[in-house]
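Some notes on the structure that comes next.
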């Protein structure tokens with residue numbers, strides 16, 4: 361290398377590197393900000409802050425990884441340097457002692473490189489695990505905090521796909537911390553060594569490599585578009601797959617296996633078509649990259665060969681230059697294509713952040729420990745602005761009282777139950793707790809500790825009976841067994857194959873619907889509620905179990921307030937103090953059993969159809 365050109369050479373290196381990093385920075389910025397509006401910028405800053413908070417605990421690990429990456433990149437040049445010294449100095453000298461010593465030094469340096477690489481990989485694995493745990497934890501906790509209507513409008517497959525998105529985010533973190541840092545350092549160190557061996561070759565490489573970078577970068581748009589299509593198609597395919605398996609009974613009962621098989625075939629075929637299109641783009645990318653690489657290396661070989669002929673360069677230096685030049689192209693290609701995983705992670709992050717950024721469920725502010733009354737005044741509610749499901753509902757229930765809300769299916773009974781649970785917010789009217797506190801102001805956590813609910817569709821977890829009773833609460837089998845005996849459920853437990861240890865399977869597949877409802881009653885009474893909401897309860901129980909349950913509820917009236925939602929009416933006269941008849945979303949008709957029989961309504965019509973004659977009505981009244 362000519363010393364009088366040293367300053368010029370290093371200036372060129374600095375200028376080219378600044379230009380390259382400027383291009384790379386613009387690439388990444390263009391992928392993360394694609395709007396100029398102030399609102400978008402603020403949203404972007406919030407997302408950026410959220411993401412940085414996720415990786416902040418790993419700053420120390422990341423710093424160590426970068427430091428080790430620098431050492432690995434420098435040590436990676438040891439073979440090239442040794443090859444040059446071996447061919448030009450050591451072998452011609454025929455100095456055996458120098459040969460052995462040099463091989464020992466190179467072996468030691470390569471082992472150090474292996475050690476540093478292992479340590480660095482350990483750092484990256486540890487960081488990957490920690491980030492994954494934090495992302496999933498924050499995403500899942502945010503998901504659980506969202507209001508109930510959110511889940512009513514989402515497919516299970518769509519939510520599952522968001523969990524898969526977290527893996528894509530971690531992959532790009534690994535790529536940026538691992539590959540980008542390493543390849544950047546390799547590029548810098550390699551260019552430095554090229555300039556050292558031949559400033560002409562170094563200058564040629566510094567001029568040509570940006571064009572190679574731009575050639576690779578030119579494929580980004582097509583690849584990114586193809587990846588978005590794949591992600592969208594994958595989500596749709598996953599949702600369809602889960603939906604069809606969840607509804608396998610209706611598919612079999614209607615002999616529609618072939619229909620759904622064709623639907624899955626079409627959707628999965630569409631997904632594979634998109635994967636195929638991305639594969640074709642990657643094949644073209646590989647073709648251009650390989651051709652450029654061959655031409656670049658052959659150009660370097662021709663130039664260095666003539667330098668050897670002219671005596672400017674030695675054979676060992678030619679070998680070192682070829683070795684270093686060969687490592688440059690893959691590193692530059694990786695830097696040019698880093699925008700692809702970054703954009704993939706950006707799409708995944710936006711899809712995930714879309715959920716975590718939603719407003720959380722209203723938690724209320726007023727604490728409450730005891731329940732004395734609930735009064736619903738002129739409450740209206742609708743899922744759309746055009747039509748109300750509930751119109752001016754008026755209901756009151758007090759401590760140690762049992763009321764029933766009855767009506768035809770679809771009249772709004774269960775919707776009212778959802779409002780009482782604070783799953784939905786009523787549009788107008790008031791719901792007052794304990795004669796003074798609006799329901800929306802009651803601390804949601806406290807309110808749900810007070811109420812106990814058995815919905816129409818009883819949720820059963822694929823664990824043991826014991827797990828389904830305590831729901832994660834730490835308790836002993838002896839304490840739970842004492843509770844079971846106190847409430848008279850011991851016969852139910854004893855009839856199960858393994859008692860409390862009986863595994864229930866997915867959705868409680870090993871239980872009948874009636875058994876599920878009994879287990880749901882055990883679970884809800886275990887939490888000692890003060891207000892019990894039963895939605896279409898006992899609908900699938902056998903006669904004996906139903907009689908036992910109603911006798912138990914009659915005993916519990918002295919301790920627990922009960923709201924019974926049902927269109928099965930034959931037991932209500934024995935337990936309900938007040939019966940509200942819901943018709944067309946209204947509760948204008950209410951009273952006890954005897955009062956309601958005196959006027960035509962849904963309740964009296966039921967009894968009239970059973971007994972057929974007015975004399976029988978007088979008898980049952």
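In the working numbering, the protein residues as written are 361 to 981.
C-beta: ideal position from N, C-alpha, C; glycine also.
ask   = Quick one: what's got a C-beta closer than 6 Å to residue 698's C-beta in the same chain, skipping five residues either side?
value = Here residue 698 corresponds to residue number 338 of the chain shown, with the count starting at 1. Closer than 6 Å at Cβ, skipping near neighbours: 540.
query = When the Cα atoms are used, what is the spatial distance from residue 671 to residue 524?
reply = Taking the first residue of the chain shown as position 1, residue 671 is located at position 311. Taking the first residue of the chain shown as position 1, residue 524 is located at position 164. When rounded, the separation of the alpha-carbon atoms in residue 671 and residue 524 is 59 Å.
query = What separation, rounded to the nearest whole angstrom, lies between the Cα atoms of residue 755 and residue 938?
reply = Position 395 of the chain shown, counted from the start, is the residue given in the question as residue 755. Position 578 of the chain shown, counted from the start, is the residue given in the question as residue 938. Cα to Cα, the separation comes out at about 10 Å.
ask   = Rounded to the nearest angstrom, how far is the Cβ of residue 987 from that of residue 593, given a contact under 8 Å?
value = Past the boundaries of the shown model lies residue 987; the chain is included only from 361 to 981, so the question cannot be answered.
Between the CA atoms of residue 693 and residue 654 - distance to the nearest angstrom = Counting from 1 along the chain shown, the entry for residue 654 is found at position 294. Counting from 1 along the chain shown, the entry for residue 693 is found at position 333. Approximately 14 Å, taken between the alpha carbons.
query = When we look at the beta-carbon of residue 846 and count the other beta-carbons within 10 Å, is it buried (16 or more) or exposed?
reply = Here the question's residue 846 lines up with position 486 in the chain shown. Answer is exposed; the Cβ neighbour count stays below 16.
ask   = By how many angstroms is the C-alpha of residue 778 removed from the C-alpha of residue 945?
value = One-based indexing of the chain shown puts residue 945 at position 585. One-based indexing of the chain shown puts residue 778 at position 418. So the two alpha carbons sit approximately 14 Å from each other.
key: Identity of the residues DSSP links to residue 737 by a beta bridge   = Within the chain shown, numbered from 1, the residue matching residue 737 stands at position 377. As a beta-bridge residue in DSSP terms, residue 737 pairs with 790.
request  = Look at the Cβ atom of residue 828, then the Cβ atom of residue 883, and state whether they are nearer than 8 Å.
outcome  = For the purposes of this step, residue 828 is taken as the residue at position 468 of the chain shown. For the purposes of this step, residue 883 is taken as the residue at position 523 of the chain shown. In contact: residue 828 and residue 883 (Cβ atoms closer than 8 Å).
key: DSSP bridge partner residues for residue 1019 (one or two, in chain order)   = Since the first residue shown for the chain is 361 and the last is 981, residue 1019 is missing from the structure and cannot be characterised.
ask   = What do you get for residue 666, buried or exposed, if any count of 16 or more other CB atoms within 10 angstroms of its CB means buried?
value = As a working mapping, residue 666 is identified with position 306 in the chain shown. Residue 666 comes out exposed.
task = Under 7 Å Cβ to Cβ from residue 721, same chain only, skipping five residues before and after it: list those, please.
result = Within the chain shown, numbered from 1, the residue matching residue 721 stands at position 361. Sequence-distant Cβ neighbours of residue 721 in its own chain, meaning closer than 7 Å and more than five residues away, are 505, 506, 507, 804.
ask   = Exposed or buried, residue 775, counting other C-beta atoms within 10 Å across all chains shown (16 or more means buried)?
value = Residue mapping note: residue 775 aligns to position 415 of the chain shown, counting from 1. By the neighbour-count criterion, in which a residue is buried when 16 or more other Cβ atoms sit within 10 angstroms of its Cβ, residue 775 is buried.
query = Between residue 448 and residue 598, is the Cβ-Cβ spacing less than 8 Å?
reply = Within the chain shown, numbered from 1, the residue matching residue 448 stands at position 88. Within the chain shown, numbered from 1, the residue matching residue 598 stands at position 238. Not closer than 8 Å, so no.
inquiry  = Please identify the residue among 647, 719, 679, 437 whose C-alpha is closest to the C-alpha of residue 467.
reply    = Numbered from its first residue, the chain shown carries residue 467 at position 107. Of the listed residues, the one whose Cα sits closest to residue 467 is 437.
query = For residue 812, which of 521, 921, 836, 873 has the nearest alpha-carbon?
reply = As a working note, residue 812 is residue 452 in the chain shown. Of 521, 921, 836, 873, the residue nearest in Cα terms is 921.
message = Quick check on residue 633: does DSSP put it in helix, strand or coil?
response = By 1-based counting over the chain shown, the position of residue 633 is 273. Assigned with DSSP and collapsed to three states, residue 633 falls in helix.
ask   = Who are the near neighbours of residue 724 in its chain, counting only those whose CB is closer than 6 Å to its CB and skipping five residues on each side?
value = For the purposes of this step, residue 724 is identified with residue 364 of the chain shown, where counting begins at 1. Leaving aside the five residues that flank residue 724 on each side, the residues in its chain whose CB is nearer than 6 Å to its CB run, in chain order, 801, 802, 803, 804.
query = Any chance the segment 923–938 sits against the segment 890–900, with 3 or more Cβ pairs inside 8 Å?
reply = Verdict: yes, contact present.
task = Find the nearest neighbour of residue 590 within the set 605, 629, 498, judged by alpha-carbon distance.
result = Taking the chain shown and counting its residues from 1, one reaches residue 590 at position 230. Looking only at 605, 629, 498, the smallest Cα-Cα distance to residue 590 is reached by 629.
request  = Taking the CB atoms as reference points, tell me whether residue 908 and residue 860 lie closer together than 8 Å.
outcome  = Mapped onto the chain shown, residue 908 falls at position 548. Mapped onto the chain shown, residue 860 falls at position 500. No, the Cβ-Cβ distance between residue 908 and residue 860 is not below 8 Å.
message = Considering only DSSP beta bridges, list what residue 924 is partnered with.
response = As a first step, residue 924 must be located in the chain shown, where it is residue number 564. DSSP lists 764, 894 as partners of residue 924.
inquiry  = Is it buried or exposed, residue 658, if we count other Cβ atoms within 10 angstroms and call 16 or more buried?
reply    = Here residue 658 corresponds to residue number 298 of the chain shown, with the count starting at 1. With fewer than 16 other Cβ atoms within 10 Å, it is exposed.
ask   = Are residue 852 and residue 878 close, meaning C-beta to C-beta below 8 Å?
value = Residue numbering aside, residue 852 sits at position 492 when the chain shown is read from its first letter. Residue numbering aside, residue 878 sits at position 518 when the chain shown is read from its first letter. Cβ atoms of residue 852 and residue 878: closer than 8 Å.
query = DSSP state of residue 436, grouped into three classes?
reply = The count along the chain shown starts at 1 and reaches residue 436 at position 76. Coil at residue 436, not helix or strand.
query = So, using beta-carbon positions, are residue 664 and residue 567 closer together than 8 Å?
reply = Position 304 of the chain shown, counted from the first residue, corresponds to residue 664. Position 207 of the chain shown, counted from the first residue, corresponds to residue 567. In this structure, residue 567 does not lie closer than 8 Å to residue 664 by Cβ.
request  = Measure the C-alpha to C-alpha separation of residue 905 and residue 824 and round it to an integer number of angstroms.
outcome  = For this step, residue 905 is matched to residue 545 along the chain shown. For this step, residue 824 is matched to residue 464 along the chain shown. Note on geometry: alpha-carbon atoms of residue 905 and residue 824 lie some 22 Å from one another.
query = Using a Cβ-Cβ cut-off of 6 Å (strictly less than) and excluding sequence neighbours within five positions of residue 569, which residues of its own chain qualify?
reply = For this step, residue 569 is matched to residue 209 along the chain shown. Closer than 6 Å at Cβ, skipping near neighbours: 692.
query = Quick one: Cα of residue 732 to Cα of residue 951, how far?
reply = Here residue 732 corresponds to residue number 372 of the chain shown, with the count starting at 1. Here residue 951 corresponds to residue number 591 of the chain shown, with the count starting at 1. Roughly 21 Å between the two C-alpha positions.
request  = Taking only the alpha-carbon atoms, compute the straight-line gap between residue 469 and residue 430 and give it to the nearest angstrom.
outcome  = In the chain shown, counting from the first residue as 1, residue 469 sits at position 109. In the chain shown, counting from the first residue as 1, residue 430 sits at position 70. Those two C-alpha atoms are separated by around 14 Å.
ask   = When the Cα atoms are used, what is the spatial distance from residue 753 to residue 784?
value = Here residue 753 is taken as the residue at index 393 of the chain shown, counted from 1. Here residue 784 is taken as the residue at index 424 of the chain shown, counted from 1. If you draw a straight line from the Cα of residue 753 to the Cα of residue 784, it is about 15 Å long.
inquiry  = Assuming residue 544 and residue 695 are in contact, meaning their beta carbons sit under 8 Å apart, how far apart are those beta carbons, in whole angstroms?
reply    = For this step, residue 544 is matched to residue 184 along the chain shown. For this step, residue 695 is matched to residue 335 along the chain shown. Indeed, because the Cβ distance is near 6 Å, the residues count as touching under 8 Å.
message = So for residue 882, helix, strand or coil by DSSP?
response = Residue numbering aside, residue 882 sits at position 522 when the chain shown is read from its first letter. Residue 882 falls in the helix class under three-state DSSP.
message = Do residue 894 and residue 925 count as a contact pair if the criterion is CB distance below 8 Å?
response = For the purposes of this step, residue 925 is taken as the residue at position 565 of the chain shown. For the purposes of this step, residue 894 is taken as the residue at position 534 of the chain shown. Yes; because the gap between Cβ atoms is below 8 Å, this pair is in contact.
key: Contact under 8 Å by Cβ, residue 668 with residue 675   = If you number the chain shown from 1, residue 668 lands on position 308. If you number the chain shown from 1, residue 675 lands on position 315. Contact: yes.
inquiry  = Within 8 Å, do at least three Cβ pairs link the segment 524–534 to the segment 627–643?
reply    = Cβ pair count under 8 Å is below three, so no.
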